[in-house]
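In what follows, a structure is listed as structure tokens, so that the remarks can point back to it.
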Amino acid sequence: FDLSAPLEDVRRLSVSYAIRMVKTGEAVDALYYEIHLGGNLTYTIQREFAIDNAMRSLREILALKPSATVTIENDDRGYIFSDYMNLLEVLDRYPTIMLTLDIAHTYRSGGRLQDFIKSMESRMYAVHLHDIVDGRDHYQLGLGSIDWPSIVRSISKANLKVAVFETYHGEYDLVENAYKSVDFIRRYYPNL
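Under our numbering, the first residue of the sequence shown is numbered 2, with each subsequent residue one higher.
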């Protein structure tokens, strides 16, 4: 969905989908609600318009359940919110909304991960961990090009509540893949 869509029908449909997600989450006592703001660069007309629409959408979602823990995940390349300055502009307007940091999305969008983490450290609630192999993400940790020791040093300063291993690419059993990723990251972050 796209909470920053330039077409009002698409934006409203996206908001209704997010609201449905919150209502479903209430039934299972969800820990938090994670959303992407959208903003595909191929059809986003103006940066300011996309940011305004995203903020309006968030206001509508938060009105439903103001006490909910909502996180915004940083987007991959090709989206307006892959630029952490755009994401920070939205987060600054909503101090209760937290960040889900997707490590590989930051790398693939050309962002300087250390700068991103430093600027968002106090807002980080969750982290998505996966590696990049030949430019593709969602691989088992340790197989790709991400410098995990320095990443773990940086993210360990944040007060993270959730770590999600998104490792579903490759020629591996998904469960085994997840265990190998956990074992790999524990070398650098034993308290995980």
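For every residue, glycine included, the Cβ atom is placed at its ideal position computed from N, Cα and C. On a predicted model such as this, the values are computed, not experimentally measured, just so you know.
Asked: Valine 91 classed as buried or exposed, judged by whether at least 16 other C-beta atoms fall within 10 angstroms; Found: buried
Asked: Extent of the continuous beta strand (DSSP E) to which phenylalanine 82 belongs; Found: Segment: none, phenylalanine 82 is in no beta strand (DSSP E) and carries neither H nor E.
Asked: 9 Å Cβ cutoff met for threonine 101 and glutamate 27; Found: no
Asked: Alpha helix (DSSP H) runs contained entirely in the region 36-79, provided each spans 4 or more residues; Found: 48-65
Asked: Identity of the residue in Gly145, Ser123, Gln115 nearest threonine 97 by Cα; Found: Ser123
Asked: Residues sharing a beta bridge with valine 134, DSSP; Found: Arg137
Asked: Exposure of lysine 15, with buried meaning 16 or more beta-carbon neighbours within 10 Å; Found: For the record, residue 15 in the displayed sequence is serine; it is not lysine. Label assigned to serine 15: buried.
Asked: Phenylalanine 196 - DSSP class collapsed to helix/strand/coil; Found: The first residue shown for the chain is 2 and the last is 193, placing residue 196 beyond what the model contains.
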